[in-house]
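Okay, so here's the structure we're looking at.
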Amino acid sequence: MTHVSHDACADLRQHLLALDEGQPLDTIRAEHVASCHACADLYASLMEVDTALSELQPVVAPPELVVRTLARLDSMNAGSVEAESDLETQPGILRGIFDLVFGGFAPLLRSLFWPLRQWRVHPKLGSALVAASAVCGLLVFGSLFAMREPAMQVSVASPEMDRDQDSVMDGQDVTDQATERSSAEAATAPAFAGRGERGPENGLATAGDFWEDDDRFAYHANVDSTTVATRGEGEVTGSIAAVQERTTPAVREPIDIAAAQDAPNRDRSALPAPPDDAEEIMQQVNRVRPITPRRQLMEQGVRVPTTPAVQSVSGIDTDGLSDGRRSSNTSAAQIFLRNHERTTGLHFQPARGHWSNTYVPGDPELRSLRQRLVDAGAMTVGSTGATGLELAEASQMFRQPFDAPRRSALALYVSADQRATEGERRVLLQVGLRGAARRGGTRPPMNVALVLDLTHPLAADDQARVRALLEAVGAARDAGDRVSLSVAGPRGGVLIAPGSFRHGQVQVALDQLFRDAERSTPAVATSLDAALRVSLTSLAANQDPTRSIGSSFALVITPQLVGSSSLERAAHVGAVAGIPTSVVGLGDAALPSLDRLALAGQGRRRLLTDAGSAPELVRAEFDAISQVVARAIRLRIRLAPGTRLVNVLGSRRLDAQATARVREAERSIDQRLARSLGIQADREQDAGGITLFIPAFYANDSHVILLDVVASGPGPIAEVSARYKDLLRLGNGEAHSSLRLARGTRGRGPLERAVFKNLLAHELSVALSQAAASLSAGDSAGARARLTAFSELSRGVRELMPALAMDHELAADFELAQRYDLALQTVMPPQRVALVDSLRLASRRKNVSVPIFSR
Amino acid sequence: MNPAAQSTPVKIKHQADGEASSDEDPTADALLRHAQGDPDAFAQIVTMYSSPIYGYLTRCGVHPAERDDLFQDILIKVHRAATEHPPTGPARPWLFTIAVNTVRSHFRKAKVRKVVQLQADPAKAESAPSHTPEADVATRQTVSWLEAEIRKLPLDQREVLVLCAVQGVDQKEVAATLDMPVNTVKTKLRRARLALAEARCRRQLVASREEQR
């Protein structure tokens, strides 16, 4: 913009003196405003002033003032002497109290009632002191009362235990910093029992998942009444014998672990009687394997679980049932399990190199699919009695047995779907990550560059979305934030410099832009990648290196992104410099190109279809920065010699170029955090193995990575390490864990079943996605076939594996597939699009732990 | 006189012009009944105008420590004037005229009070907005900044702005209240708005220069 002439500016000022609120400028003066920075500022300020005047809240007279005034007028009407000033009037009762006090136990009570004394001299100060004393008293008594809240005591007994083992790779004692467990020799330990107390915060139940921690032990119980019990010195696993709960007053009595350990022998009345069929079950167990400590405990009166021992039937690990219980429905499951178990005819991949990250921060597709289903309305799908959104939201990621870390940002868990083997065996290896609980507090100041893509004219709807979005950015801005606006397209460039982002400025600028867009387009226009490059350069020049990484970011706003390598390259360069690029698509913007840009820029992708949701979108984008608990997570999975990799489910091996990009990004974050937070750089060397790089991990998130491998036999299978930048402790974080298979034919325990369930969840996710693709192509029969196949698989697996028969999460998935099958049978043509979206949303929801809408 | 409920905190709506009559103007009706000795009539006046008057005092910049007293003074004057010199024209402008004149008189005396007043008891006086960094940041927020800037306007522009743009009084009624032509009211209002806009521009310029340092 250029300053045109003083006369034109003076003329505008005179014109504004004759302009009423809300009156627009005429064309000539509007042109001058567009070309004169000072006048544009003035006009924008006038608009802001008018807006602010209209937003001034009415001032309400204090009720007590009105009452006093009326009382005074009453006294005037009665002809009495005009009342004293309120500041000098004293309540008569208080005067009497003071006289009594001062006439009696003056010295002692004077000190006790000092606040009331102040009230006499300085009423307002005295009132404040009395109120403060009352609040303090309430707090003290409240705290005392809270200490007396009743607590639940829970007794747990377990008949057998296994312990953690040494590092499988190099024989060294490995300390898992994130999970704070130390390794110990493998051993079978005697029965374990203990007690703990739960405060009002812990969710405890006799059925379902629950945790308890009284600094002595923690335990976790699944709905099928099996347990994983963890003690301070190592992990123990087993089947729970009993869970009892009772309410006691605030418990401060010491818990004698040694005595509790003897509880199954000393106090059998504390445990329920063994089930009637326990002896029969034990006979079945003894037919297939030698007497174990479990049998010994049974004889001692300890209840044993009803879960049968493992039986190996026809080469398939069925977790044990007699042939009579199988039905024809298990054929699909048997095929699935057979394929899952086979070790021949497989294609193996090299267990090294960088693999694509499977953890997408926030999974933006969820939001866009959900919004489309919301827009579809309350119409039920077919005969299901549910809307597409209701159907999809019944799809949930299985709850993972991952504890949130308490003293670090990230926790690492490694497990498998098998516990033991006699020889070569197909194994599903699971690497689990869990972020720390959400950090509180305010977000850091932000440096934001908005890049508006006007390379194509905007439709009226999109113009409204842009206005709403920019207005929401202005409203969400804190005093320390700096926001700029650049435009790609005709008259492109920096429209509003950092620090000048105000409502009036934005509206004036947009008016001019949209007006220009309707005219003939100049020959020269700013490309989107050029606009992004300029914005990122400006951000890099202005950002404060002491602020947390990610507090600067670029936000591309586009109705129709035409992706290009130069655009993605620009975003990548910015991300490498510590400035992520997120993207907001308007209306029906194509998602794949938006996703590519967001991934290249290590940012987030969002979709704005309804202008009214702009404030929520902006708030989520700004708040996301404060939810990152760990950065630059490098997962390294080293398979033991003899263990071969079939696949990493949901991932793919990166080519050289993509690998170089990932390494560059990782080193950049490493070095930047070293400069800004003092976290020592530690990423120069690549030590081999399967590597996955996750740029950021969010609070409270869980993520699983499944590796399909073939183990050559019992022994070490894999060692996993996670190195990351811990933003909670502001230091380098490390977590290590390993896995080995025991020798034998032991069946799946609760952890192994949890891993196997995740495989089934993956199968459902794939089935739903394939059904959506088939339906979208008009192939309803094919879509039904996908879901029918899964339903048969699910039913058959639960028949073959009784331990999973009562699993409510698997049952819910089965029911979900059935409902979608019904929907496919009865859907009307106008509902098909919504049903496709519903299937896709349900598929994606199986893979994310935290709903996108909360972030 | 019974304590009346608080008036609802909404801006005063436009009213038709014309002579005050008990059938059309509830204010005039209440004043008339008060003059005739109705003990509850003035409570109705207080109910209707307590918040607009208090808001006018606040927006015009009357110090919080003096606001309550001035509020009572205005209503006492209205009470007495309604008995001794009831309005012959529209009632609302008459009532606001009392408020405006009281405020003008207050500010005139305030210039003298600044010289002779002893230091006030800090326990009695409400704290004025301090110039702490936090307060400075807060006033950058447009609305709170605006309230401060309004108080800096010349009194004549301030009166018009508060009555028209803030209290929502009709421009013709404001003209009657302030005893000036309607066009003069419009001119003062526009000048006040432009003055605020220019002040905002200057502040933004200063703020951007501070950031660049």
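Taken in order, these protein sequences are the chains called A and B. The first sequence lines up with residues 1 to 855 when you count with the working numbering. The second sequence lines up with residues 856 to 1068 when you count with the working numbering. A virtual CB, placed ideally from N, CA and C, is assigned to each residue, including glycine. Just so it is clear, the structure is predicted and the values come from calculations on it, not from any experiment.
Neighbourhood of B/G916 in chain A, by CB distance below 9 Å: empty, with the nearest CB roughly 12 Å away. If the five residues before and after A/S780 are omitted, its C-beta is found closer than 7 Å to the C-beta atoms of L824, all from its own chain and listed in chain order. Taking 9 Å as the Cβ-Cβ cut-off, the segment 59-79 of chain A approaches chain B at V59, V60, A61, P62, P63, L65, V66, V67, R68, T69, L70, A71, R72, L73, D74, M76, N77, given in chain order.
Using beta-carbon distances, A/E621 does not count as an interface residue toward chain B, since no partner is under 7 Å. Neighbours of A/S500 across chain B, judged by C-beta separation under 9 Å: Q1059, S1063.
Secondary structure note for A/N647: its beta strand (DSSP E) is the uninterrupted segment 644-648. By the neighbour-count criterion, in which 16 or more other beta carbons inside 10 Å mark a residue as buried, A/N758 falls on the buried side.
Secondary structure at A/S356: coil, using DSSP grouped into helix, strand and coil.
For B/R1046, the chain A residues whose Cβ falls inside 9 Å of its Cβ are L17, in order along the chain. At a Cβ-Cβ threshold of 7 Å, A/D837 and A/L391 do not count as neighbours. Taking C-alpha positions only, B/P941 is separated from B/G916 by approximately 29 Å. Taking the Cα positions, A/R748 is about 15 Å away from A/L739.
Straight across, the Cα-Cα distance linking B/A1030 with B/L887 is about 23 Å. Collapsing the DSSP output to three states places B/L1016 in a helix.
It is roughly 58 Å from the alpha-carbon of A/L510 to the alpha-carbon of A/D417.
Interface with chain B (7 Å Cβ-Cβ cutoff): A/S45 is included. Bounds of any beta strand (DSSP E) do not take in A/F814; it lies within the alpha helix (DSSP H) bounded by 808-826.
If you ignore the 5 residues before and after A/R784, its C-beta comes within less than 8 Å of the C-beta of A771, D821, L824, Q825, all in its own chain and listed in chain order. Under the 7 Å criterion on CB atoms, A/D41 is classed as interfacial with respect to chain B.
With a threshold of 7 Å between beta carbons, B/A1052 makes contact with chain A. In the assembly as shown, A/S765 is a buried residue. Its beta-carbon has 16 or more other beta-carbons within 10 Å. In the pairwise beta carbon analysis, the segment 64-74 of chain A is classified as not touching the segment 40-48 of chain A: fewer than three pairs are separated by under 8 Å. For A/S712, no alpha helix (DSSP H) segment is defined, and its DSSP state is neither H nor E. The beta-carbon separation of A/A570 and A/R606, rounded to 19 Å, does not stay under the 8 Å limit for a contact.
Residue environment: A/N847 is assigned as buried (16 or more neighbouring CB atoms within 10 Å of its CB, all protein chains considered).
As the crow flies, the alpha-carbon of B/R1046 is around 41 Å from that of A/F553. Counted as a single uninterrupted DSSP element, the stretch harbouring A/S383 is not any alpha helix (DSSP H), since DSSP gives it neither H nor E. Between B/A1020 and A/L46, the CB-CB gap reaches or exceeds 7 Å. The alpha-carbon of A/L586 is positioned some 24 Å away from that of A/S843. For B/R1055, the C-beta contacts it makes with chain A under 7 Å involve S45, E48, V49, in order along the chain. Shown here, A/T526 sits in a strand according to DSSP, grouped into three states. CA-to-CA, the gap between A/L787 and A/L841 works out to about 15 Å. Taking a beta-carbon distance threshold of 7 Å, A/L53 counts as an interface residue toward chain B. Proximity of B/D923 to chain A, defined by a Cβ-Cβ separation below 7 Å, is satisfied. At a cut-off of 7 Å between beta-carbon atoms, A/L56 makes contact with chain B.
The alpha-carbon separation between B/D880 and B/Q899 amounts to approximately 13 Å.
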